[in-house]
Amino acid sequence: MLIQDLISQYIQDYLGTYLAENNNLNLQNKVEIPQNQNYGDISSTAPLALSKVLKKAPYVLAEEIKKVLDEKLKDFAEIEVIKPGFINFKLKPSAYGEILQHFDNTQSLITQTKNQNDNQKLLIEFVSANPTGDLHLGHGRGAVIGSALANLLKTIGQNIITEFYINDAGEQINKLGLSAWNLYKPDQAFEGADQYPAELIQPYLSDLKPDLKLEELTNIVKERILNKQKEVLKNIRVNFDLWFSEKKELHENNCLEKTLKTLESKNLTYQKDNALWLKSSELGDERDRVLIKSEGKNPTYLAGDIAYHINKFERATNLLDIFGADHQGQELSLKVTLKALGYDESKFQILFIQFVSLLRNGTEVKMSKRNGSVITVEEVLEEVGADAFRFMLLLSNINNKLAFDIDLAKKADDQNPVFYVQYAHARACSILRNACQDLFKEQDLKDIKSEILDLIMTESLSDREKQSTKDLILKLSFFNHEVHRAAETLNPSALAHYLIDIANKFHSFYGSCKVINPDNKNLSLARLSLIKTFQRIMQKGLEVLIIDAPEKM
RNA sequence: GCGCUUGUAGCUCAGUGGAUAGAGCAACCGCCUUCUAAGUGGUUGGCCGCAGGUUCGAGUCCUGCCAAGCGCGCCA
Numbered sequence: 031m032l033i034q035d036l037i038s039q040y041i042q043d044y045l046g047t048y049l050a051e052n053n054n055l056n057l058q059n060k061v062e063i064p065q066n067q068n069y070g071d072i073s074s075t076a077p078l079a080l081s082k083v084l085k086k087a088p089y090v091l092a093e094e095i096k097k098v099l100d101e102k103l104k105d106f107a108e109i110e111v112i113k114p115g116f117i118n119f120k121l122k123p124s125a126y127g128e129i130l131q132h133f134d135n136t137q138s139l140i141t142q143t144k145n146q147n148d149n150q151k152l153l154i155e156f157v158s159a160n161p162t163g164d165l166h167l168g169h170g171r172g173a174v175i176g177s178a179l180a181n182l183l184k185t186i187g188q189n190i191i192t193e194f195y196i197n198d199a200g201e202q203i204n205k206l207g208l209s210a211w212n213l214y215k216p217d218q219a220f221e222g223a224d225q226y227p228a229e230l231i232q233p234y235l236s237d238l239k240p241d242l243k244l245e246e247l248t249n250i251v252k253e254r255i256l257n258k259q260k261e262v263l264k265n266i267r268v269n270f271d272l273w274f275s276e277k278k279e280l281h282e283n284n285c286l287e288k289t290l291k292t293l294e295s296k297n298l299t300y301q302k303d304n305a306l307w308l309k310s311s312e313l314g315d316e317r318d319r320v321l322i323k324s325e326g327k328n329p330t331y332l333a334g335d336i337a338y339h340i341n342k343f344e345r346a347t348n349l350l351d352i353f354g355a356d357h358q359g360q361e362l363s364l365k366v367t368l369k370a371l372g373y374d375e376s377k378f379q380i381l382f383i384q385f386v387s388l389l390r391n392g393t394e395v396k397m398s399k400r401n402g403s404v405i406t407v408e409e410v411l412e413e414v415g416a417d418a419f420r421f422m423l424l425l426s427n428i429n430n431k432l433a434f435d436i437d438l439a440k441k442a443d444d445q446n447p448v449f450y451v452q453y454a455h456a457r458a459c460s461i462l463r464n465a466c467q468d469l470f471k472e473q474d475l476k477d478i479k480s481e482i483l484d485l486i487m488t489e490s491l492s493d494r495e496k497q498s499t500k501d502l503i504l505k506l507s508f509f510n511h512e513v514h515r516a517a518e519t520l521n522p523s524a525l526a527h528y529l530i531d532i533a534n535k536f537h538s539f540y541g542s543c544k545v546i547n548p549d550n551k552n553l554s555l556a557r558l559s560l561i562k563t564f565q566r567i568m569q570k571g572l573e574v575l576i577i578d579a580p581e582k583m
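Heads up, the first sequence is in this note's numbering, so the first residue is 31 and it goes up one at a time.
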């Protein structure tokens, strides 16, 4: 077990004596690397955080914990209690060898969450763009975040389904059909129709048979646009388990009709002005909403959305939607309705992603659907490649609007975070390659003895060597913890930031510690073990985010 | 007007009620006969939007205000 896991485990065991019942403390987050060296290599604020719950002075609590830990950790750390109730651990050199040993002996770098209930299944819906045009950068952000999050949750052992909702019915499709028709048969054009800009539609009109009917044309263009979206998503490494067609699954399968009947049977609807209304204000919404429009008797988006979410609840226990910030109007109506129908609101969550703009030559390029100045995923991807595309969009928290700096994403130096991170990985691979070419055989790097690993922090090293080694090992030892924290907070960005952090610590280690040294083969082996661990963790971290980890650059 | 999100170094952002608020970039001074200089060491840089409150302790929680983005359709 890693030292910080031992610490939190022992504290938890000890505090458990205070809290026999209802003991679901999670102290993992209360054991950390302190900002300031003076506070030790690892520190815990558990006594401070828990003194209120346990009704005990934090300092007293800290002293008690110290007493317990002193005994258990005497080989690895010196423990000090500081004023209000901090517990600071100064690690002994052997602790670092122990961490290397731990990683040498551990196949899987990420622990699986305990499955209290194997029936739990989370359905994540994201992107869900209308099949009426190209994917823009905003869709790209949702796609990258959604795919990384889904992969992150899968990695810790959760049961995940990813889904794309195709809005292939309704007004937008009619509008698409008319827009296409007017370009296809200009002499028979529909006058005065609301249309999509011609340049968005034209690329999908090549090689058409001459005598198509409006409906046939609409379907062909819709299919072509959808296929294009699928292709672009594939290019940014975004895959879906299911592409859910509104038209097929909700309309033709009568799912929508069933939902309306259910709502009617629960007396949640009424007729007014020739339309069918939902009594949503009674359920907590700001006002009532229309379900079936008076003109044409077509369902509103909300009606379909409710039916779709009921359908999803039939296939999964938990739902997560990832929407653009412009969809927040949906949330309240949908949630109150689902609640009224008996679904557990705690099992349905929506994440809203703020807008993306594009920064080129230091100035912001505004996007506007109306005048056709949409920045597509495809055009940005072409310039920067999938790795930079993904990493740049992953770096900022979804609650912040983001300016995608396209010039930065193309740079091949330390200013560009994705290069910085990938370069660190390639450097590590290069050292491992060289080591096995000149001085060692592959076999030498396996099962390195603990006496040799302990040399990693040997006394005779310079301060800078010790410092950079220590920083790297400690940071690496928190990998599993960081992955789980990112998963719990549904925040893959945190993992991206962590990877920058370990890349930084690695580069620093590289700069101060010569790894391959024929005059000191044992120290070389210990350091190669560290490099190997770094390389594995970086590779795994990038894999979770679905970004390449190149071995050469 | 109401709701959601945001406001932290020149810029982009981390920050889980705890210690002297951190990182990257930019700026400035250094480091290649050395495993990838696509790199690294150091320096400079802060009324954490403002004002109250809760707390032993607030960037973090609460209230009000200011500013920005988005949302408040028989559009999707």
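Note that beta-carbon positions come from the ideal geometry of N, C-alpha and C, so glycine has one too.
*Under the rule that 16 or more other beta-carbon atoms within 10 Å means buried, what is Lys496, buried or exposed?*
It is buried - the Cβ of Lys496 has at least 16 other Cβ atoms within 10 Å.
*Alpha carbon to alpha carbon, how far is Tyr528 from Glu512? Give it in angstroms, no decimals.*
7 angstroms
*Run the CB neighbour count on Ala517, radius 10 Å, all protein chains shown included, and call it buried at 16 or more, exposed below.*
buried
*asked:* Is the beta carbon of Ile577 closer than 8 angstroms to that of Phe449?
replied: no
*So Ala228 is in the beta strand (DSSP E); what residue range does that whole segment cover?*
Looking at the DSSP string, Ala228 is not in any beta strand (DSSP E); the run it does join, the alpha helix (DSSP H), is 228-231.
_Mapping the DSSP letters down to three states, classify Pro216 as helix, strand or coil._
It is helical.
*For Ile461 versus Leu555, is the C-beta spacing smaller than 8 angstroms?*
no
*Does DSSP classify Lys120 as helix, strand or coil?*
It is a strand residue.
*Which residues in the same chain as Asn189 place their Cβ atom closer than 7 angstroms to its Cβ, once the five residues preceding and following it in sequence are excluded?*
Result list for Asn189: Gln150, Lys151, Leu152, in chain order.
*For Gly163, which residues from the same chain have a beta carbon less than 6 angstroms from its beta carbon, with the 5 sequence-adjacent residues on both sides left out?*
Leu230
*Using the Cα positions of Leu298 and Ser376, report the straight-line distance between them to the nearest angstrom.*
Here the alpha carbon of Leu298 sits roughly 22 angstroms from the alpha carbon of Ser376.
*Where Lys82 and Lys441 are concerned, what is the direct C-alpha to C-alpha distance, given to the nearest angstrom?*
51 angstroms
*Return yes when the Cβ of Ile532 is within less than 8 angstroms of the Cβ of Met568, no when it is not.*
yes
*Where does Lys302 sit, in a helix, a strand or coil, going by DSSP?*
strand
*Give me the Cα-Cα distance between Leu130 and Leu381, rounded to the nearest whole angstrom.*
38 angstroms
*Beta carbon of Cys285 nearer than 8 angstroms to that of Glu279*: yes
*Measure from the alpha carbon of Ile186 to the alpha carbon of each residue in Arg457, Val574, Phe270, then state which is nearest.*
Val574
_Three CB pairs or more closer than 8 angstroms across the segment 465-479 and the segment 494-508_ = no
*Which value, in whole angstroms, describes the spacing of the CA atoms of Asn52 and Gly170?*
Note that Asn52 scores 47 on pLDDT, short of 50, meaning its location in the model is unreliable and no value can be drawn from it.
_Please return the same chain residues whose Cβ sits closer than 7 angstroms to the Cβ of Phe385, not counting the five positions on each side in sequence._
Apart from sequence neighbours up to five positions away, the residues of its chain that approach Phe385 with a beta-carbon distance below 7 angstroms are Gly168, Ala355, Lys431, ordered along the chain.
*Helix, strand or coil: how does DSSP classify Asn52 here?*
The predicted model places Asn52 with a pLDDT of 47, which falls under 50 and marks its position as unreliable; any figure quoted below should be read in that light. Note: Asn52 maps to coil in three-state DSSP.
*Per DSSP, Arg390 is paired with what?*
Thr393
*Cα-Cα separation between Glu253 and Pro161, rounded to whole angstroms*: 8 angstroms
_For the pair the segment 174-186 and the segment 196-208, tell me if three or more CB-CB distances fall below 8 angstroms._
no
*Could you pull the start and end residues of the alpha helix (DSSP H) that Gln34 belongs to?*
33-46
_Among Ile203, Phe419, Glu245, the one whose alpha carbon lies nearest that of Val262_ = Phe419
*Gly354 - containing beta strand (DSSP E), residue span*: Run containing Gly354: 348-354, per the beta strand (DSSP E) assignment.
*May I have the straight-line CA-CA distance separating Glu128 from Lys102, to the nearest angstrom?*
15 angstroms
*asked:* Excluding the 5 residues flanking Glu394 on each side, which residues of the same chain have their C-beta closer than 8 angstroms to its C-beta?
replied: Ser387, Leu388, Ala433
*asked:* Can you tell me where the beta strand (DSSP E) holding Phe536 begins and where it ends?
replied: Premise fails: Phe536 lies in the alpha helix (DSSP H), 522-542, not in any beta strand (DSSP E).
*Three-state secondary structure (DSSP) of Thr406*: strand
*Is it a yes or a no for the segment 235-247 touching the segment 197-217, going by three-plus beta-carbon pairs under 8 angstroms?*
yes
*asked:* At the level of alpha carbons, what is the spacing between Met31 and Thr136?
replied: 10 angstroms
*Are at least three pairs of beta-carbons, each pair with one atom in the segment 354-368 and one in the segment 406-417, less than 8 angstroms apart?*
Judged by Cβ distances under 8 angstroms, the segment 354-368 makes no contact with the segment 406-417, as fewer than three pairs qualify.
*Alpha carbon to alpha carbon, how far is Ile530 from Gly172?*
22 angstroms
*Note down, in chain order, each residue of its chain lying with its Cβ closer than 6 angstroms to the Cβ of Phe343, except the 5 sequence neighbours on either side.*
Excluding residues within five positions, the ones whose Cβ falls inside 6 angstroms are Tyr373.
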